[in-house]
Amino acid sequence: QGSGKSTLASYLCAVVADKLNIQTIALSMDDFYLTKSKRKELAKTTHKLLETRGVPGTHDTALAISTIESLLKGKKTVITRFDKSRDDRFDESDLLTTSGNFGLIVIEGWCFGAKPQSQVEINRPINDLEKNADPEGVYRNYVNKCLAEEYQSLFAMVDYLVMLKAPSFSCVFKWRLEQENKLRDRIARSDSEDISASGIMSKIEINEFIQYFQRITEVCISEMPSRADFLYELNENRDIKYQYSKVKDI
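One gets the numbering used here by counting positions in the sequence shown from 1 and adding 1 to each.
Written out as structure tokens, the structure is:
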């Protein structure tokens, strides 16, 4: 959530491509969100909170896996993209098609590598959103089940897990607000986009939105550092205050 994942992914690809003279590509979990219509359908059949993109269960993991497999095989591959200002995928005519022998594929996402929780942990709501909108735990159980199953198949494809560790969940609001302001500025500079119809969130909306991510984020902050291959601990300004690598040679 605004820690700099996309920036790091692009930087890694650029540096490795330049230094090693190999093809690289950066993918984002955000681009594999289910379409708006599919999330609306999921909200009707499973739980209303699943209409909001973000948590495990709102990505097309099968598409993410098939995309990576296609890239690894050097096949002609369409790279899906998600337009956050429209809360939906870009039209097929706007998508990139690529092919080649990729020596490095980086995929980033706020919950990438996350582990599911126990039933006891899932049963306890941790914020107002879970308490008021999911009192029976239907939503929490669905998200946790998806994370325990299809998402682990995707996570298992990576060779190295890199973590950008936020100081705490409280930083997420600040960083998310910065993201929304940047998106607002970009749209304001565009002649073809309308800010009022862009879906950009207010401070109040952001405060509610980040509650969707609190549970998994706090678990990752607690347990992921011990198993990440590369760990970068950030301060509130996103400066690296500590770094560690289990990998000595790549």
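Here a beta-carbon is modelled for each residue, glycine too, at the ideal position from N, C-alpha and C. Owing to the predicted nature of the structure, the values given are computational and were not obtained by experimental measurement.
| query | result |
| --- | --- |
| Cβ distance (whole Å) where Leu-96 is taken to contact Arg-82 below 8 angstroms | 6 angstroms |
| Where Glu-247 falls, given that 16 or more other Cβ within 10 Å makes a residue buried | Note that residue 247 corresponds to Lys in the displayed sequence, not to Glu. Under this definition Lys-247 is an exposed residue. |
| Start-to-end residues for the alpha helix (DSSP H) that takes in Ile-1 | Absent from the structure is residue 1, since the part of the chain shown begins at 2 and ends at 251. |
| Cα-Cα separation, Leu-148 to Val-107 | 20 angstroms |
| Inter-residue Cα distance where the pair is Phe-156 and Cys-14 | 19 angstroms |
| Segment contact flag, the stretch 134-151 with the stretch 200-208, C-beta cutoff 8 angstroms, min 3 pairs | no |
| Simplified DSSP state of Glu-93, which is helix, strand or coil | helix |
| Under 9 angstroms between C-beta atoms of Arg-216 and Asn-124 | no |
| Top-ranked residue by Cα proximity to Cys-172, from Arg-54, Tyr-12, Asn-236, Ser-94 | Asn-236 |
| Nonlocal neighbours in the same chain, by C-beta distance under 6 angstroms from Asp-32, ignoring five residues either side | Thr-81, Arg-82, Phe-83 |
| Bridge partners - Leu-51, DSSP secondary structure assignment | None, per the DSSP bridge assignment. |
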